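If you read the sequence shown in the working numbering, its first letter stands for residue -7, the second for the next number, and so on. Cβ coordinates follow ideal geometry from the N, Cα and C atoms, glycine included. Quick caveat: nothing in here was measured; it's all calculated off a predicted structure.
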Amino acid sequence: MFHEVVSKRTVVDDNGCDKEVSEKYLVENCASCSEAEVSVMMYLNAENEVISVKQTKLKEFVNTRSNDEQFIYISIEDTYVDDSGKASQVKYSVALFATSVKEATQMTIDYMKQGLSDMSLTSVKKTKFVELLTYTHE
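Rendered as structure tokens:
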């Protein structure tokens, strides 16, 4: 499961004033919001305050990150036809790392070609995630 964790911290801006900054993290491999929160707090050495944690509907990550690629969320609609001929749609999200929306779209088209059913791309959008973290069970 993937969880979205939003943290808040205070930084000093160019004018010497305190400013609150929110950062979003995506945590994989955790079974609960508590595990996701612990993951982020360990990553940040408890310097930030966690202000929200929620489970996402993200199914999987398509690739791994290299360099400064952006987090891109992809919405896909998958059409299944059962034995009686009735079609039903299932919507889900995957994520990937890409340098642009154009590159992400092409990667998604290639990803959808692997499917056995009729898939259609419904949206591609950049996200504001800072990092993808993996929760490790001890």
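Between residue i and residue j, what straight-line distance do the alpha-carbon atoms span, to the nearest angstrom?
i	j	result
residue 28	residue -3	7 angstroms
residue 117	residue 20	20 angstroms
residue 111	residue 100	10 angstroms
residue 105	residue 59	26 angstroms
residue 95	residue 2	35 angstroms
residue 37	residue 75	53 angstroms
residue 98	residue -5	26 angstroms
residue 40	residue 121	15 angstroms
Less than 7 angstroms between C-beta atoms, sequence neighbours within five positions excluded: which residues of the same chain meet that for residue i?
i	result
residue 78	none
residue 73	79
Just to confirm my understanding: we take residue i, look at its own chain, exclude 5 residues before and 5 after, and list those with CB closer than 6 angstroms. What are they?
i	result
residue 103	54
residue 124	18
residue 35	125
Report all residues from its chain with a CB closer than 8 angstroms to the CB of residue i; omit the five preceding and five following residues, and keep chain order.
i	result
residue 14	-2, -1, 0, 43
residue 30	127
Give the DSSP-derived three-state secondary structure of residue i in the structure shown.
i	result
residue 56	coil
Thinking C-alpha only, which one of the options is nearest residue i?
i	options	result
residue 67	45, 56, 119	119
residue 71	62, 64, 82, 65	82
residue 46	25, 65, 7	25
residue 51	107, 33, 91, 86	86
Return the bridge partner residues of residue i from the DSSP annotation.
i	result
residue 71	81, 110
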